[in-house]
Every structure is written in structure tokens, then in C-alpha cells.
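Number of protein chains: 4
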Amino acid sequence: MIIVMKPGTHESDIHEVSKVLESLGLGIHISKGTERTIIGVIGDKRVLNDVPLELMPGVEKLVPIVESYKLAGKTFKPEPSVVDVKGVKIGGKELVMMAGPCAVESREQILEAAAAVKKSGAQFLRGGAFKPRTSPYAFQGLEEEGLKLLKEAQEATGLLLITEVTSEKAVEIADRYVDMFQIGARNVQNFQLLREIGRSKKPALLKRGPSTTIDEWLNAAEYIMSEGNYDVVLCERGIRTFETATRNTLDLSAVPVVKNNSHLPIIVDPSHAAGKTQYISSLSKAAIAAGADGLIIEVHPNPRCALSDAAQQLTPESFDNLCSDISKMADILGREFRYAR
Amino acid sequence: MIIVMKPGTHESDIHEVSKVLESLGLGIHISKGTERTIIGVIGDKRVLNDVPLELMPGVEKLVPIVESYKLAGKTFKPEPSVVDVKGVKIGGKELVMMAGPCAVESREQILEAAAAVKKSGAQFLRGGAFKPRTSPYAFQGLEEEGLKLLKEAQEATGLLLITEVTSEKAVEIADRYVDMFQIGARNVQNFQLLREIGRSKKPALLKRGPSTTIDEWLNAAEYIMSEGNYDVVLCERGIRTFETATRNTLDLSAVPVVKNNSHLPIIVDPSHAAGKTQYISSLSKAAIAAGADGLIIEVHPNPRCALSDAAQQLTPESFDNLCSDISKMADILGREFRYAR
Amino acid sequence: MIIVMKPGTHESDIHEVSKVLESLGLGIHISKGTERTIIGVIGDKRVLNDVPLELMPGVEKLVPIVESYKLAGKTFKPEPSVVDVKGVKIGGKELVMMAGPCAVESREQILEAAAAVKKSGAQFLRGGAFKPRTSPYAFQGLEEEGLKLLKEAQEATGLLLITEVTSEKAVEIADRYVDMFQIGARNVQNFQLLREIGRSKKPALLKRGPSTTIDEWLNAAEYIMSEGNYDVVLCERGIRTFETATRNTLDLSAVPVVKNNSHLPIIVDPSHAAGKTQYISSLSKAAIAAGADGLIIEVHPNPRCALSDAAQQLTPESFDNLCSDISKMADILGREFRYAR
Amino acid sequence: MIIVMKPGTHESDIHEVSKVLESLGLGIHISKGTERTIIGVIGDKRVLNDVPLELMPGVEKLVPIVESYKLAGKTFKPEPSVVDVKGVKIGGKELVMMAGPCAVESREQILEAAAAVKKSGAQFLRGGAFKPRTSPYAFQGLEEEGLKLLKEAQEATGLLLITEVTSEKAVEIADRYVDMFQIGARNVQNFQLLREIGRSKKPALLKRGPSTTIDEWLNAAEYIMSEGNYDVVLCERGIRTFETATRNTLDLSAVPVVKNNSHLPIIVDPSHAAGKTQYISSLSKAAIAAGADGLIIEVHPNPRCALSDAAQQLTPESFDNLCSDISKMADILGREFRYAR
């Protein structure tokens, strides 16, 4: 970290700041410029987390030099991590496809969806049992009943299961049914929930929040990892901007940026970003071309009858076409995807 | 709601959509334009919440005409609501001042802060016991120990107490100590928590999220109200934009917009918006001039020693000056504020 | 357009609005809902551009149903447009690559850049002669001298030329040298300049502004087209958001959205979006996978010596690798790109 | 500026960077941390504007310590500037009110508007003669004819005149009629135009662009000032965010931030920010309470007949009420405003 002092600061103020830093075991380097003096701080800056240096006399601002997360960062672990979920490896050569309906609605619906996505090559079945909805009057999910139906679909197809958890209680219940937890965009800074998942030791898919910077997102991953659970996969799903033509603005730059700053795998959710089925195929291919390790896509056997987010769920036919395209692209990009397994 | 059909849609598609609407007990009005046909929908549109009209053949888009919340809206209750917290009325003529440190840190600190803000005219003492922090390595709050210290400060000063709750468990604990719950910006769409607070029947201060539209914010209030708790006060605290000179961009337009669309009271938090003490006085005065019903401000007896958000906490002296200014402005604006009670 | 009347509006106000619409030759359709009356307007709404209906008594709001542009829209021309620049077709099966340095700096630099990008398969040489820079103290371009050097590079390689024009005077000068004008992001709503280019009849590349919605961008294209110049190509180059890890947030959803709403070709500029060379290859491939008709990329024979935007210019080697990758992807996507022509 | 080197950089790379800096006459300070080495740069960094240090081997990133503008900054001139326009002082104790219609439409309209705003206390008459409009089919202004009508209104009332200029030609024409130029939000980075106004030596009101940071805005002011015209007044008018309840999000924090970083006066335009008359009074009072030096407000004798931006123009009556309120607030805030002069 760099401490920038105000123009014309007294020597005594500089001395005062230096003393505090030294008392915390940090090294310092003072550099006097034509207008300002700056103080470089050397050592583990986490001891400074709760020290309000910016309020000391003469201090103009603090400039962080290294990122605020540690376990999630490339400096801590330079080689890419592979998260192994019962044999399916996320972050390796193979592309991972998670697919299924927005919400589990009925036995028939989830069994039909599972059979369809399995056939096109998906390794994971997704399906919401606990649904966070903007309006309290909208469908809120089948809860444990939905998880049982997911389990039945798993028995029929062998697909791995992933579902969103929205509270500590949901974690406890879902833990008995699914292979991977999903933390939704609205909960990316629900730190209580992140810690709970950290303690659970089950692999977690951490969606980016609509107004979360990549830096804050990696700090959210750090919450899970700091509890000892290192099996975290990131998921870009669009950020909130001024543009209203799509539900959110898919930030595909996040893929190379995350690959540059972190060792964690990253997949992309084009369904929530676009909000409209006609854009999902384009954005899915773009995500894979950008270097994503996989996709999570909403597929419904009969989207017109869906109880939530109908406009963004693909039909099994469209999903199958997309998987076929992805499979062809995978080769060119040095990846692998077994279409129609 | 208006349903816009695509150019050149078949009569049969229009007929199909009409049939669905009529089967749900809704009235329709068909209007054929030069390029498109539109269908006006008449009746309580909440029956459409889970019907994916946008996927029916021929449908181009749906255009909502009325807001999606009901209990929080002006149509439901045209006159302004006053939330009465043990005799202190929020939303009436009197301006309400909530003040205190970001986090409760020690007995001495909270007692000193309470005495100071009481003297300048505050009616509420604020102080965080459960602190949501971006980094897992930062100070996370004293939890129940902090609430006990708040209670002691209340006994010494008679101030009402408000604290942030971050989980169902925190609600349960805090319920025994404080007079009003605060839902923080990161939890504005933590629907589980909103429902829990709705069931608690204790008055709640609902902060706007950094990327929440005013419409979504009023829907979050609706979650609390739909459980039977109508004592909701809104709090604008800045939204996330591209500008980095301030921590967030305080959206003071939200004050007249909320007053126009809702009957709920609204106060403003300049501390989190600005992130720097030197801007808090300007923004506080601006908030009151814009029509806010009060302020919530961070005050620390010794900001330089604060364990969190040090840069945005006022000294008791600065806070006292601000209260004196607010008191003078109140008269001009037809409000009331008893400075130095 | 739909006119939504306030709840409880008098019949006479509805009558008044209807009269104004009918006097302008528009048809109307009145629909009375349970809470509000709405008036559907039928006919060419451009006659309403300067009529402030929203101020008439009883009017709550206006809801546009069709887009505000006409010549740029799919309704006006459903099949995709191909812009032919001296035989190179933008928007057809072939992908178009425009490449070259941010700014023309010297004879040696531009000749070397031209030879390199030609060799890898580019059809256009780009190079700034008039440079808009945030700070007045930064390098501002060689102006006409730069255009002469571009011309010389064209003679040596046969590449087509494109350059940014920043004023009417620049249009007049550049018209004598280049094959296509570029309108930069900062000038997307410089309507004087847009009209001037409309009158020039030379093909134009219209960059999206950092805070321009897709709708406003198509209206900017409409300015050029309404003067009779239909040879407009759009260029997505990133929008301004809260994220600071990249210079701008590349909005690749804009590619399928533009293809859905407009017949105009669209290419992508990953250099300005990313601002850092290490992300350009990923984003270029993503843009092509999303369906873009081409790319415009900054390439400098010696980026370390560049006089502007050094951090985002590729070396000829990196550019060559990228072209090779794009060429392989083109086949899979049903497009064509002749690498190393 | 601070240069942060990558972890594990070779001594020789550090040496190389140091050599370049020293060759440019800059001082350096090397500080070796536990993970990274950083190099502090001492001296006038403007010599580095065109040196791509970020591309040198081993360099991770550059961290600016001081702002990029000079003449517009507080370091250059610590005391506030007062811009004197023919005796009316902007930035002094007196609040300045600029008012008038969005566009000059007719002789009758502008004379009526001028008489009204003069009566309520305005010192400036505003009125657009060159109108930048999103759609090419909307009213574009009366051009020189409009300026002549403004002049006539000046003769009748003695008000000073301000009008927006959108091109070098408009500057040339308007220069013969008005007392102050306005640079609109869309032209804040039209550098050609800024330089032209810098050369004109006439006072200029520089609006903030919808996606311009405060730092870029002060750099735009620097363009004007670097040509020798120091009479620049800034005008906050709202930025583009995700919120759609108002046309733009008025960023009132910009007022204290500008006062902190620059010596230039700043006024506020609530009309374009709100886009709706019902919010203008609240926001105007908030702007003054935040410390603005004045306001620019759209007033139309008959808003319902306005040819542009009808929804945001106040009636003379509403404007008069607002001026009365502002006058009362002025005293409390230590300012002055002569209502109904």
C-alpha cells in the first residue's frame, strides 16, 4: 500500500504515520516528491484492515497496490484450480454444461428436462427449489419437495445436481440432495451464507452480483475459502448497466480478467444475462470463445408453461442445437465437449 | 398491461392470447395500428405473474402500465404514512436524526457516542453489532455483546435503538434489544430476511441496494408489508455508478420520486454514500432540502480509532454543527428539528 | 404509442387528448381499465415529436411501442444490409478485419504496420490522424500529414483506408484520402458531424458511445441515413459501467440485439473495450462467435514506442496469431476469413 | 506516479525503467516490498504522457498519485475563482439564476419568458438556438434567427444571455449575440469545440457529460483554460445510471467534490436531470443546500406548447415560487439571492 500525504504536510505528521506502521511490524519507505511525500508500506497489510490511517493528520489518501483477497488470488496459487465434483472436472480441458429449468415445477417437467439435457451432453442438472423473486406475489419454489424430484431425476439419468440455496436453512436441507450449491447473484455478499457454505465443504458455484466488481466477487469467494472450502467455481451472469435491451449486460471480459487474477474456474450464465431466448445461442458461443470453462443454461421442456422466467428458457431442441455448435467450437479452441453422450 | 403483437401476426394468434386472458377473468381491448396490433389487459394483473404470455406465438413484448407493488404504493394509500416508534414519529413534521458509530466497539465508545448525539438532538442511537464486511479478514462486529452495550447506552440517555440485522438469527437476538431493525443495502433482496422482519412486526428501516431501482426497492418493502408489518421506513444511501470520487452516488432524486409513488417515509444516509467526512455536511443539508424525513449519520467519539469505515464517521463536534444547521433549515422548509435537546 | 391517463381522470380530459390526436390525422383506441384509461395511438407518430402530450391534463405517461428510428430499423428493411467499400463487403459472409496503429506517428511506423496487417489478412488499414485525447497535454495527431502517410501505405499494400474524423473540417480533409470515415465514441451524438457525413456519401463506421443505449445509437445512424447515406456500419467498443478491471465493459449482447432490431452490419473493437493487450485475443474470438461481421484492432509494429494508448496495441505477431485463430473459427460459424492473404 | 513492478521482476528490468525516467529528468525512489518492488516518480509527470511505461518488461501497473489536470485544480490555485460576466459574479456570495425556455421558438415566447424570469430574480436568460436532439426528425432550433430574438429580449429586460453552441460555426455566430457560451453534455469531450471556446475568451458554462467522471470533466475544463480562457463555470446536470425513474441521476455529491478539487464555480441544472417538472423544486433546493453557486432552470410561458423537452419546463408561476424559496434558504446558508428584483 502507498500512503499519499497532502501537499505541505509537516514532518511531524509523516513521523507519526511512520511510527504507527512500525509499531504494527510493517516496513516503510519514504519518498519525497516535488508536491507530495508518499510512504510505501511493506509487509502483510492485513494488519491494517482495522486501522484508519486515512484519518491521521496529513494523510490525503491510501492507494492499494495488491489485491485484497489472498486464497482466491494467483499470487497464492499460480496454476489454475480444477474443481472435481464426483468425477466431473470443472476448470480442466473438458467444458462443463449445467442445464435444466429455472424452477422445479413438477415430476413430469423435471424428468423430461433431465432426460433431454442429458441426451445433448450436459453433466449437471440445474433446477430451482428455493426461488428468490422480486415480487412477493410470484411463485417462490417447491422447496424440499422440489429437491426430492431433482433426486428422482438424478436416479433416472445419472446427472449431477446443482441448486440455489438462499438461507442457512436451505443449505442444511439441500445438503442432503445435491452435489453442488449455487449462490445466487442477490446473495453474493450475504456473508453469513457464504461462511455457512464454506463450512459445508460441498463444491459451490458463486454467481457474480449485478453490481459486484470482480475484486469484490473474488473477496466473496475468499469468504467461502477462508472457512476451508476451496471448491469454488465462479459464474458470470451479467451486471446492471444503463442498457435495457437485455436484462443485464453480460460482461465477458470478466472471463479473461478472472483467469488473469485468480486460479478459480469460471463458467457463464447467458440465460439471466440476456433474459430473452433469441440471444442465448450467440452469447453461449461467445462465452466459450472467451475462454469460459462451461455454461449454465435454462432449459424447459415447455417454456410456454414455465412458472418463472419463461422468456429466457430454451426448448430442448434449441439446447441440443447449441450443444452441437459448442462441441464443434471446442476442438478449435483446444477444449473438449462430448455432444449427445 | 399492454401486449404488443409482432408486425404481421395472424388473427389466430391474437385470438389465442385473448382466450388465455379471458380464461383468467381479465378484460381485453384490442387495438389495430398501422404496423402492429396491441392488446390492453384489464383487471388485477397479479394473476398473470406466472403466465408466460411473452412466449405465445405472435407476442413481441409486454409493457407494464401500473407498478408491480401494491401495499407500498400511493394508489393503495394516497396519504403519507407516519411510522411511530415508541412516540417518535417518522414521516411527520419533525425531522428524525439517527446517529452513532458504524460499529459498537466498546462500552466507553458507545456511551460517549450516545451522550454526544443525544445532546445535539438525535432521537435514535445507531451502532452495528453484526457487520457485513467485503473482506473476511476485517472486523465483523461484537454481536450480542454489542447489543448489550447499546442497551446500556439507551438506559443512560433514553435514545431509541436501531441496529442492522443480517440473518434470521440476528433478527431473533436483536429483537430483544432494539426498537427498530435496519436492513442493510446488501440484504435489500434477501427475501427470507425481509419476510422474517415482516413477521416480527417491529418497525424496519430498509436501505436501498447499490444497484436496486426505486421500483425494486418498493417491491422489497412490499415483501415486509405483505407479512403484515406496515411500519417500513425507506433509506436512500447511494447507488453504484461509474463515478469513483465518492464511495457511492447519492441519488437525492429518489426522495421526491418515492414521495410521488409511495406513502412510506424516507430518510437519507449521507455517510455511506459519500464515504468521506468532508462531504457529509453538504449532502445532509441537501437531503433535508430535497424533502427527506430525516437522516442517519455515522458519528464516532474518536474516528481515528474506529475499527470500521473510519473515513466516513463524523466527530461529535462536526455532528453538532450539522444539527445546528439542520435546525435552522427546518423552519424555512416547514419542518421541525429540536437542536440540542 | 400508448397514452396512460391518471386514475380518476375526467372524461373531458380524455376527450381533449383525443381531439388533439385526431386533429393530427392519427387514429385512436380508448380502453378503460379498472384503475386507469389508456389511449392507443394509430398512425405515423413522428407528427407527435414536438407535441407535448405529457403535459395535457390527466396524462400520466407516454409508453412508446415502436422504436424511434425508421431507416435503420428492421421494419423498414428486413433483410441484412451489406456495405460495399470498393469491393470489400461488410455484412456478408466474409469477416472484415480492420487493423493498424492507434495513431499515425511516422512514415516508417505506418508502412511497417500496413505490411504486417496485410500479410495476416486484414482488408483495411486504420490509423488516427486526428486524435481526441482526454488531456490537452497529450499527443493530438499528425492531421493531414498523417493522412498522406496513410495514402502512401495504401499504395504499397492495396489496403483500404479508414480514419477517425472529429470535425467538419476533418471530414473535408480526410475525404480526399480515405475510403471510409470513422465516427468515434465521443462524437456519436455530435449531430452536426453526423449530418455532414450523411451528406458526404462515403461509407461510415459509427462507434457506440460509452453511455449510449442501442436505441440512441441506431438513432445516431438514422441521422446519417436521413441525409441519404445508407452505408453505415456499427461498431461496439464497450460501455461505461462501475467495473474498473477493464477500460470499458464490452457489451457483446449488442451484437445479437443489433442483428435483431436493425439491418445494418456490426463489427467489434476489442482494443478500446479491454484497454489491455492480454484480453484482446479472448474478446476478439468472443465477438466473432457472437456473430459480429468483423473486428477493428489496434496493431503497432513496436507498441512500447507508441505515442498513444500503448497498453492496448497488439504486436504484429500477436495479431497474426489472432487472425489464424479467427480463420479456423470462421468455418465452424459459417463465415469466411482468408488468413495470410 | 507510482510504478508497480510484477512479483519476481529482474533487477535489470527495474534498472531499465529507472533509466528511462532519469533520461526524462525525473527523480525516482525505489521501494522493495515483500512481494513487489515499486518505483516512485518525482517531478512533472506530463513529460510521461506519451511514454508507454506500462509496456516495459516487468511493469505491472501505473498508479497516478496526483490529478491529471493542472490549471483547473486546487493545487494550482487554492482560493475559489469568481467568474465575472459583465458585472454578475458567479462563484461569489450571490447565487446566480439562469432561466428561460429549452428552445427559442418565437418572438412572443422568448419576450414573455424573459420578462417573467427577470421579475423573479434571474440574472441570465437561457434559450436554445442550436438544439442537439436524439432523433433527426425532432425540432432542431431556429439558429441565428433565435439569437436575434434573444438579443431583443435582452434589450427589453437587461438580462445577460447564455446559449448552447454545438459547432465551431455556432460559436462564431453566437459570439455576436450572447454573453456566455454553454457547452452541452454531449459535447463535453468535443475537444475541437472546447479549444475554439478557449480561444474565444468569452465565459463558458461547461456541462458534465452523462458518463463523464469528475476527473474527465475537469480535464475538459483544462482544454478551455489551456487556450488562455480561465472563465469557466461547471454545471452538474445528472449522469447516466441504471435508474430510469428520472431522466438522469443528479449527482449532487459533485458539488462538494468539485469545491474540494477545483477552484472553479459550479452550478446545477435540475431540469435535465429530473426530466419531470414535479421533481425540479426539490432538487433545486437540494443543489443550493449542497453548496452550488447557482442554478440553470428551464422555464416556458406555456410548457404545453413547447417544441422540445416539454415535460421538464416550469411555468413562470412555479419558477417564481422556487425563487422565493431559494431566497429564504440563501440567508441560512450564508449566500444571497435577490428574489423579485
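Chains as they are written, first to last, in my numbering: chain P, 1 to 341; chain F, 1001 to 1341; chain S, 2001 to 2341; chain Y, 3001 to 3341.
Note that beta-carbon positions come from the ideal geometry of N, C-alpha and C, so glycine has one too.
Start-to-end residues for the beta strand (DSSP E) that takes in residue i
i	result
Phe-3124 of chain Y	3124 to 3126
Three-way DSSP call (helix, strand, coil) for residue i in this model
i	result
Thr-2277 of chain S	helix
Gly-2100 of chain S	strand
Gly-1198 of chain F	helix
Gly-1027 of chain F	strand
Thr-157 of chain P	helix
Gly-2146 of chain S	helix
Leu-295 of chain P	strand
Glu-67 of chain P	coil
Asn-1945 of chain S	Residue 1945 of chain S falls outside the range modelled here, since chain S spans only 2001 to 2341, and no answer is possible.
Phe-3130 of chain Y	coil
Ser-211 of chain P	coil
Test: residue i CB closer than 8 Å to a CB of chain F
i	result
Leu-160 of chain P	no
Val-2063 of chain S	yes
Range of the contiguous alpha helix (DSSP H) that encloses residue i
i	result
His-15 of chain P	11 to 23
Thr-3163 of chain Y	Not the alpha helix (DSSP H): Thr-3163 of chain Y falls in the beta strand (DSSP E), residues 3160 to 3164.
Asp-2268 of chain S	Checking the sequence, you will find Val at residue 2268 of chain S rather than Asp. From DSSP, Val-2268 of chain S is part of no alpha helix (DSSP H) but of the beta strand (DSSP E) over 2266 to 2268.
Met-3329 of chain Y	3316 to 3332
Asn-3260 of chain Y	3254 to 3261
Ile-2239 of chain S	Here Ile-2239 of chain S belongs to no alpha helix (DSSP H), and DSSP marks it neither H nor E.
Ser-2120 of chain S	2107 to 2120
Tyr-1137 of chain F	Segment: none, Tyr-1137 of chain F is in no alpha helix (DSSP H) and carries neither H nor E.
Tyr-2223 of chain S	2214 to 2225
Ala-3174 of chain Y	3168 to 3174
Contact list for residue i against chain P, beta-carbon separation under 8 Å
i	result
Ser-2211 of chain S	Phe-242
Ile-3214 of chain Y	None at all; the shortest Cβ gap to chain P is about 15 Å.
Beta-ladder partner(s) of residue i, from DSSP
i	result
Asp-1084 of chain F	F:Lys-1089
Thr-1037 of chain F	F:Lys-1032
Leu-205 of chain P	P:Gln-182, P:Val-233
Ile-3003 of chain Y	Y:Ile-3039, Y:Leu-3062
Glu-1094 of chain F	F:Glu-1336
Gly-2073 of chain S	S:Ser-2262
Thr-3249 of chain Y	Y:Ile-3239
Any chain S beta carbon closer than 8 Å to residue i
i	result
Lys-285 of chain P	yes
Thr-1166 of chain F	no
Gly-1025 of chain F	no
Glu-3016 of chain Y	no
Cutoff 8 Å: residue i Cβ touching any chain Y Cβ
i	result
His-29 of chain P	yes
Thr-75 of chain P	yes
Proximal residues of chain S, C-beta to C-beta of residue i below 9 Å
i	result
Met-2964 of chain Y	Nothing can be reported for residue 2964 of chain Y: it is not among the residues displayed for chain Y, which extend from 3001 to 3341.
Within chain F, the residues that residue i reaches when beta carbons sit closer than 9 Å
i	result
Glu-222 of chain P	Ser-1135, Pro-1136, Tyr-1137
Contact list for residue i against chain S, beta-carbon separation under 7 Å
i	result
Asn-3219 of chain Y	Thr-2134, Ser-2135
Chain P contact for residue i (CB, 8 Å cutoff)
i	result
Glu-3067 of chain Y	no
Glu-3035 of chain Y	yes
Ser-2282 of chain S	yes
Amino acids of chain Y, ordered along the chain, whose beta-carbon sits closer than 9 Å to that of residue i
i	result
Met-1005 of chain F	Within 9 Å Cβ-Cβ: nothing; Met-1005 of chain F doesn't reach chain Y, min ~25 Å.
Interface residues of chain P facing residue i [CB-CB closer than 7 Å]
i	result
Ala-1310 of chain F	Pro-52, Glu-54, Leu-55
Chain F residues whose Cβ lies nearer than 7 Å to that of residue i
i	result
Gln-192 of chain P	Thr-1166, Ser-1167
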